[in-house]
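Read through the structure below, which is laid out as structure tokens, and then see the notes.
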Amino acid sequence: MKKGNRKDENRRTRVGKYIRQVQHRLGYDSWRKAYVAFRAVIMALNDREAVRTKKSFLEEVDRNIGDSMETEHVVSGVFNVLEEKIANGEVMDFTPNLSSDLSEYWPIIENREGGVCA
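Numbering-wise, our numbering puts 115 at position 111 of the sequence shown, and it's gapless, one number per residue.
So this is what it looks like as structure tokens:
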């Protein structure tokens, strides 16, 4: 196996693990439903306009997931999983890019220095 393929395989495995954690956190029976939820939040996080306000962020997530899921529940669940990954150093901390009104969906947990993350 080429080194590049191994790296891609590890990335797919890591994302699959994140999706399984989202599935568990949101209480979904379907891996596909968890994938759609995770993807919708990630897509919204990549949209500079969407992260400016809570309303625009939720609208972007809602547009990406469709009518079958509760948007605020999805955002909160995915944010919980992402916070764990940030705390473990697996994902870069993107929280400074979020609008302050999105903080209600972000979990408050102790960080590695013993402080509180918002």
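For glycine and all other residues, C-beta sits at the position ideal for the given N, C-alpha and C.
Coarse secondary structure for residue i, derived from DSSP in three states
i      : result
Asn50  : coil
Trp110 : coil
Thr17  : helix
Ser34  : coil
Glu64  : helix
Val95  : coil
Cβ pair residue i, residue j closer than 8 Å
i     : j     : result
Gly93 : Val26 : no
Leu30 : Val78 : yes
Bounding residues of the alpha helix (DSSP H) (the contiguous stretch that carries residue i)
i      : result
Thr75  : 75-91
Asn101 : Counting along the chain, Asn101 falls outside any alpha helix (DSSP H), and DSSP gives it neither H nor E.
Inter-residue spacing [alpha-carbon to alpha-carbon] between residue i and residue j
i      : j     : result
Cys121 : Leu62 : Its pLDDT being 46, under 50, Cys121 is placed unreliably by the model, and nothing is read from it.
Val85  : Ile23 : 9 Å
Any C-beta of chain C under 8 Å from that of residue i
i      : result
Asp105 : Protein chains in the displayed structure number just one, and chain C is not present.
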